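Student: Can you keep this structure in mind? I'll have questions shortly.
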Amino acid sequence: MTKFWSSMVKRTDPYVPGEQINQKDIIKLNTNENPYPPSPNVLAAIQAEMQETLQLYPSPTADGLREAIANQNGISKEEVFVGNGSDEVLAFSFMAFFEPGKVIRFPDISYSFYPVYAKIFDITFEEVPVNEDFTLPIEQFYGAEGGVILPNPNAPTSLYAALEDIEQIVQNNPDRVVIIDEAYIDFATESAVGLIRKYDNLLVVQTTSKSRSLAGLRVGFAMGNPSLIEALIRIKDSFNSYTIDRLAMVGATAAFEDVTYFEETVGKIVATREKTARALGQLGFTVLPSQANFVFARHETVAAETLYNQLKEAGILVRYFNKPQIDNYLRITIGTDAQMEKLMEAIRQLI
Ligand code: PMP
Numbered sequence: 016m017t018k019f020w021s022s023m024v025k026r027t028d029p030y031v032p033g034e035q036i037n038q039k040d041i042i043k044l045n046t047n048e049n050p051y052p053p054s055p056n057v058l059a060a061i062q063a064e065m066q067e068t069l070q071l072y073p074s075p076t077a078d079g080l081r082e083a084i085a086n087q088n089g090i091s092k093e094e095v096f097v098g099n100g101s102d103e104v105l106a107f108s109f110m111a112f113f114e115p116g117k118v119i120r121f122p123d124i125s126y127s128f129y130p131v132y133a134k135i136f137d138i139t140f141e142e143v144p145v146n147e148d149f150t151l152p153i154e155q156f157y158g159a160e161g162g163v164i165l166p167n168p169n170a171p172t173s174l175y176a177a178l179e180d181i182e183q184i185v186q187n188n189p190d191r192v193v194i195i196d197e198a199y200i201d202f203a204t205e206s207a208v209g210l211i212r213k214y215d216n217l218l219v220v221q222t223t224s225k226s227r228s229l230a231g232l233r234v235g236f237a238m239g240n241p242s243l244i245e246a247l248i249r250i251k252d253s254f255n256s257y258t259i260d261r262l263a264m265v266g267a268t269a270a271f272e273d274v275t276y277f278e279e280t281v282g283k284i285v286a287t288r289e290k291t292a293r294a295l296g297q298l299g300f301t302v303l304p305s306q307a308n309f310v311f312a313r314h315e316t317v318a319a320e321t322l323y324n325q326l327k328e329a330g331i332l333v334r335y336f337n338k339p340q341i342d343n344y345l346r347i348t349i350g351t352d353a354q355m356e357k358l359m360e361a362i363r364q365l366i
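The sequence shown runs 16 to 366 under our numbering.
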């Protein structure tokens with residue numbers, strides 16, 4: 016059956032995303048989506064675009080969107096790369112900056128897409144064990160032969176590493192690229208983007224999927240020194256000139272321009288997160304101090320797998336990882352206050 020497969024296909028070990036169940040009445044707290052719809056300006060921009068220009072290819076350079084992102088971050092568009100979700104941006108970054116035969120490092124408890132990319136691009140990797148409390152052993156990332164990639168806040172632990180620690184990692188890898196995957200940074204203290212002009216080896220990757228409610232539109236981006244951005248553009252232009260379609264382009268641009276809506280929805284999620292952490296604590300959970308739009312929690316007596324299954328039966332989906340060290344934890348996305356109240360009610364019944 017597999018005789019026509021290339022060696023690249025044969026060595027793949029594809030990523031499995033959280034379940035996507037299209038059932039209206041289910042409460043979906045398993046893939047860290049935003050419970051609020053995107054800004055109304057996004058929908059208006061997409062509608063206007065639909066009536067005009069879908070017969071034409073989109074801009075291959077995505078200048079308008081890159082400018083909107085640059086403005087938001089006080090940088091120039093030459094320091095911004097955009098892609099079809101940050102997953103694509105991360106995949107391109109592995110190709111652009113990591114080298115087969117040179118060992119890269121990432122935390123052993125981390126985004127499970129990293130080993131998938133490493134395998135497909137034939138990049139050897141070392142998984143650095145996190146500390147017992149799931150914090151990162153910062154010095155273990157110094158002097159990595161092939162480079163470093165890590166999420167901040169980390170997923171699925173939700174823990175945030177201080178900017179000084181991130182800077183130390185970047186400083187102590189002067190000849191290799193350090194990729195900071197900031198998918199959840201808008202729910203946290205501070206981005207590392209302010210360091211990109213100080214360090215030419217720092218690439219900061221973010222997404223519109225979480226804080227801007229656009230998981231369905233697929234727009235991710237990277238910020239860094241123009242020469243890093245140029246490398247990513249060379250990779251993209253060797254695959255597909257048009258990774259951002261017209262609707263995504265105008266929709267994401269409108270999302271970056273509506274700062275008020277962004278701040279309001281992020282503020283609501285952070286408030287709900289704190290409330291949820293307290294409520295879970297009262298129900299006997301240990302909850303890691305989250306700076307993301309999800310919490311990572313373990314119950315003192317009931318096994319995570321049992322809870323996961325029972326919640327699913329009750330119509331509430333959360334994420335469970337059957338992996339040593341974290342197999343007694345649940346990762347719970349922060350929904351609306353009403354959704355979280357239903358979750359608490361269901362848990363109260365179960366335990
Ligand atoms: N990085 C991390 C750490 C994530 O959790 C996710 C979401 N699964 C992504 C990147 C990818 O997000 P997207 O492709 O939707 O931008």
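Glycine residues also receive a C-beta, built at the ideal position from the N, C-alpha and C atoms.
Predicted model, so just to flag it, every value in this text is computed and none were measured.
Nearest by alpha-carbon distance to residue 179: which of 160, 199, 191, 204 is it?
Tutor: Against the sequence shown, residue 179 aligns to sequence position 164. The shortest Cα separation from residue 179 among 160, 199, 191, 204 belongs to 204.
Student: Would residue 119 pass as a contact of residue 164 if the rule is Cβ separation under 8 Å?
Tutor: Translated into positions along the sequence shown, residue 119 becomes position 104. Translated into positions along the sequence shown, residue 164 becomes position 149. Yes; because the gap between Cβ atoms is below 8 Å, this pair is in contact.
Student: Which same chain residues end up closer than 6 Å to residue 113 when comparing Cβ atoms and leaving out the 5 residues on each side of it in sequence?
Tutor: Position 98 of the sequence shown, counted from the start, is the residue given in the question as residue 113. Answer for residue 113: 119, 138, 161, 162, listed in chain order.
Student: Go to residue 241, then tell me how far its alpha helix (DSSP H) extends in each direction, as first and last residue.
Tutor: Locating residue 241 in the sequence shown gives position 226, where the first residue counts as 1. Element bounds for residue 241: 241–251.
Student: Who pairs with residue 95 in a beta bridge, going by DSSP?
Tutor: The sequence position of residue 95 within the sequence shown is 80, counting from 1. Answer is 238.
Student: One question on the structure: do residue 106 and residue 132 come within less than 8 Å of each other, judged by their Cβ atoms?
Tutor: Taking the sequence shown and counting its residues from 1, the one referred to as residue 106 is at position 91. Taking the sequence shown and counting its residues from 1, the one referred to as residue 132 is at position 117. Contact: yes.
Student: Could you tell me the alpha carbon to alpha carbon distance between residue 351 and residue 38, rounded to whole angstroms?
Tutor: Sequence index remark: in the sequence shown, residue 351 carries index 336 (1-based). Sequence index remark: in the sequence shown, residue 38 carries index 23 (1-based). Roughly 18 Å between the two C-alpha positions.
Student: Does the distance from the CB of residue 208 to the CB of residue 219 come in under 8 Å?
Tutor: Numbered from its first residue, the sequence shown carries residue 208 at position 193. Numbered from its first residue, the sequence shown carries residue 219 at position 204. Yes, they are a contact pair.
Student: Any heavy atom of the ligand PMP within a distance shorter than 7 Å of the CB on residue 175?
Tutor: For the purposes of this step, residue 175 is taken as residue 160 along the sequence shown, with counting starting at 1. No, the beta carbon of residue 175 sits no closer than 7 Å to any heavy atom of the ligand PMP.
Student: Given residue 70, which residues of its chain have a CB within under 6 Å of its CB, disregarding the five upstream and five downstream residues?
Tutor: Along the sequence shown, one-based indexing puts residue 70 at 55. Result list for residue 70: empty, nothing under 6 Å.
Student: Drop a sphere of 10 angstroms on the beta-carbon of residue 80, count the other beta-carbons inside from all chains shown, and report buried for 16 or more, exposed for fewer.
Tutor: On the sequence shown, position 65 is the one that residue 80 refers to. Classification for residue 80: buried.
Student: Select from 313, 307, 291, 290 the residue whose C-alpha is nearest the C-alpha of residue 300.
Tutor: Position 285 of the sequence shown, counting from 1, holds the residue named residue 300. Nearest of 313, 307, 291, 290 to residue 300, Cα basis: 313.
Student: Please report the straight-line C-alpha distance between residue 194 and residue 279, rounded to a whole angstrom.
Tutor: The residue given as residue 194 occupies position 179 in the sequence shown. The residue given as residue 279 occupies position 264 in the sequence shown. The straight-line gap from Cα to Cα measures roughly 29 Å.
Student: Using 8 Å as the Cβ pair cut-off and three pairs as the minimum, do the segment 321–339 and the segment 288–303 touch?
Tutor: The segment 321–339 is not in contact with the segment 288–303.
Student: May I ask you to list the residues that DSSP assigns as paired with residue 122?
Tutor: Numbered from 1 along the sequence shown, position 107 holds the residue referred to as residue 122. In DSSP, residue 122 forms a bridge with 143.
Student: Compare the beta carbon distance of residue 309 and residue 47 with 8 Å and say whether it is the shorter of the two.
Tutor: Locating residue 309 in the sequence shown gives position 294, counting from the first residue. Locating residue 47 in the sequence shown gives position 32, counting from the first residue. It is a contact, given that the beta carbons lie within the stated cut-off.
Student: Looking at the secondary structure, which residues open and close the alpha helix (DSSP H) in which residue 317 lies?
Tutor: Counting from 1 along the sequence shown, the entry for residue 317 is found at position 302. No alpha helix (DSSP H) contains residue 317, which DSSP labels as neither H nor E.
Student: Please work out which residues of its chain come closer than 7 Å, Cβ to Cβ, to residue 245, disregarding the five sequence neighbours upstream and downstream, and give them in chain order.
Tutor: The count along the sequence shown starts at 1 and reaches residue 245 at position 230. If we look at residue 245 and ignore the five residues flanking it on each side, it has no Cβ neighbours.
Student: Can you tell me where the beta strand (DSSP E) with residue 162 in it begins and where it stops?
Tutor: By 1-based counting over the sequence shown, the position of residue 162 is 147. Per DSSP, residue 162 belongs to the beta strand (DSSP E) from 162–166.
Student: When the Cα atoms are used, what is the spatial distance from residue 60 to residue 268?
Tutor: Taking the first residue of the sequence shown as position 1, residue 60 is located at position 45. Taking the first residue of the sequence shown as position 1, residue 268 is located at position 253. Distance between the alpha carbons of residue 60 and residue 268: 9 Å.
Student: With DSSP run on the structure shown, which of helix, strand or coil describes residue 295?
Tutor: Residue numbering aside, residue 295 sits at position 280 when the sequence shown is read from its first letter. Correct three-state label for residue 295: helix.
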